[in-house]
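Asks:
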Amino acid sequence: MSNPRRNAYGQPLGPEVADWSPAPFPDVTVMTGRWCRLEPLMQHHAEELYAELCGPEEGSLWTYLAQEMPADEGEFSDLVEEWALATDRVTVVVRTPDGRARGLFSYLRIDRANGAVEIGAVLFGRALQRTAAATEAFYLAARHVFALGYRRYEWKCDSLNAPSVRAALRLGFVEEGTFRKAIVTKGRRRDTTWFSITDDEWPNRRTALEAWLAPENHTEAGQVRRLEELRGDL
4 MSNPRRNAYG QPLGPEVADW SPAPFPDVTV MTGRWCRLEP LMQHHAEELY AELCGPEEGS
64 LWTYLAQEMP ADEGEFSDLV EEWALATDRV TVVVRTPDGR ARGLFSYLRI DRANGAVEIG
124 AVLFGRALQR TAAATEAFYL AARHVFALGY RRYEWKCDSL NAPSVRAALR LGFVEEGTFR
184 KAIVTKGRRR DTTWFSITDD EWPNRRTALE AWLAPENHTE AGQVRRLEEL RGDL
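Mapping to this note's numbering: the sequence shown position 232 is 235, numbers consecutive.
1) Under the three-state reduction of DSSP, which class applies to ARG98: helix, strand or coil?
2) In the DSSP output, which residue or residues are listed as bridge partners for LYS159?
3) At 4 residues or longer, and completely inside the region 114–178: list those alpha helix (DSSP H) runs for me, N to C.
4) For my contact list, LEU68 and ALA124 are in at a C-beta cut-off of 8 Å; report their separation, rounded to the angstrom.
5) When the Cα of THR90 is compared with those of TRP38, GLY36, PRO206, VAL31, which residue comes out closest?
6) CB TYR153 to CB ALA26, shorter than 8 Å?
7) Give the secondary structure of GLU219 by DSSP, where H, G and I count as helix, E and B as strand, and everything else as coil.
8) Measure how close the beta-carbons of ALA104 and GLN46 come, nearest whole angstrom, since I'm counting them as under 8 Å.
9) Just the Cα atoms here: how many angstroms apart are ALA145 and GLU60?
10) Measuring only the C-alpha atoms, how far is ARG183 from ARG228?
11) How many whole angstroms separate the CB atoms of ARG234 and ALA217, which I take to be in contact at a CB cut-off of 8 Å?
12) For LEU64, collect the residues of the same chain with a Cβ closer than 7 Å to its Cβ; drop the 5 residues on either side in sequence, then sort them by chain order.
13) Exposed or buried, GLY58, counting other C-beta atoms within 10 Å across all chains shown (16 or more means buried)?
14) Sort out for me which residues DSSP pairs ARG8 with in a bridge.
15) What's the C-alpha gap between GLY106 and HIS48?
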């Protein structure tokens with residue numbers, strides 16, 4: 004920070020945040036994009052999500068989550084109910100154009116007083132991963148909280164979760180560092196890497212994401228321009 008403000012004692016102060024008031028709770032109604040639709044998690048989602056997120060081949064989807072993969076549909080239904088009724092998080096379902104619910108994520112660590120919120124507990128089925136729908140889901144989620152007046156949008160992950168680290172950097176989150184031995188989870192040590200996008204960075208990220216999501220950027224052969232390239236142009 005160059006030329007910081009100083010108080011009467013000559014001590015440096017951060018920039019003034021004028022007319023600040025707490026941000027509203029980030030409740031979600033249906034949000035429809037070009038590639039996906041977001042809707043608040045409800046109990047009836049359990050049946051269709053179970054096939055996408057649980058099963059003999061899906062255990063690796065749960066490795067870095069706080070929960071183990073549910074043993075059966077009943078246990079998964081209980082977890083969905085817990086998340087849907089929680090008052091300290093907002094869990095959102097991602098539905099693809101074929102009408103299938105393919106995954107979910109949550110707004111966590113909702114700090115209205117300081118205008119900070121985390122996107123986390125990301126659980127995308129294999130049919131959703133690395134698709135335009137997945138990217139648009141992250142875009143719609145970020146657009147929602149910044150429109151509500153949030154100043155800081157966080158992403159945190161196990162430092163060993165390479166796909167999550169890559170996704171955060173691709174989407175334009177800035178790596179802030181690693182909290183060593185942050186938590187004990189599933190009987191093992193977890194170092195946590197922190198990322199964020201701030202409200203002053205969001206317009207650049209938004210423009211690049213919208214350009215990447217535009218139909219003309221997608222052909223049968225794949226993407227025309229990478230998201231990182233579009234963001235670099237700005």
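Even for Gly, the Cβ is constructed at its ideal location relative to N, Cα and C.
Replies: On the basis of the supplied data:
1) For the purposes of this step, residue 98 is taken as the residue at position 95 of the sequence shown. For ARG98, the three-state secondary structure derived from DSSP is strand.
2) Here residue 159 refers to the residue found at position 156 when the sequence shown is read from its first residue. LYS159 pairs with TRP197.
3) Within the region 114–178, the complete alpha helix (DSSP H) runs of at least 4 residues are 135–150, 165–174.
4) As a working mapping, residue 68 is identified with position 65 in the sequence shown. As a working mapping, residue 124 is identified with position 121 in the sequence shown. Indeed, because the Cβ distance is near 6 Å, the residues count as touching under 8 Å.
5) As a position in the sequence shown, residue 90 is number 87, starting the count at 1. Comparing C-alpha distances from THR90 to each of TRP38, GLY36, PRO206, VAL31 shows the shortest one belongs to VAL31.
6) For this step, residue 153 is matched to residue 150 along the sequence shown. For this step, residue 26 is matched to residue 23 along the sequence shown. Yes. Within cutoff.
7) For the purposes of this step, residue 219 is taken as residue 216 along the sequence shown, with counting starting at 1. Judged by DSSP in its simplified three-state form, GLU219 adopts helix.
8) The residue given as residue 104 occupies position 101 in the sequence shown. The residue given as residue 46 occupies position 43 in the sequence shown. About 13 Å separates the two Cβ atoms, so there is no contact after all.
9) Translated into positions along the sequence shown, residue 145 becomes position 142. Translated into positions along the sequence shown, residue 60 becomes position 57. Distance between ALA145 and GLU60, taken at the CA atoms: about 30 Å.
10) The residue given as residue 183 occupies position 180 in the sequence shown. The residue given as residue 228 occupies position 225 in the sequence shown. Note on geometry: alpha-carbon atoms of ARG183 and ARG228 lie some 36 Å from one another.
11) As a working note, residue 234 is residue 231 in the sequence shown. As a working note, residue 217 is residue 214 in the sequence shown. The C-beta distance from ARG234 to ALA217 rounds to 14 Å, too long to fall under 8 Å, and the pair is not in contact.
12) Looking up residue 64 in the sequence shown gives position 61. Around LEU64, the same chain offers LEU56, LEU126 as residues with beta carbons nearer than 7 Å, after the five sequence neighbours per side are excluded.
13) Counting from one through the sequence shown, the residue named residue 58 turns up at place 55. Result: exposed.
14) Position 5 of the sequence shown, counting from 1, holds the residue named residue 8. Paired residues: LEU16.
15) One-based indexing of the sequence shown puts residue 106 at position 103. One-based indexing of the sequence shown puts residue 48 at position 45. Per the coordinates, the alpha-carbon of GLY106 lies some 10 Å from the alpha-carbon of HIS48.
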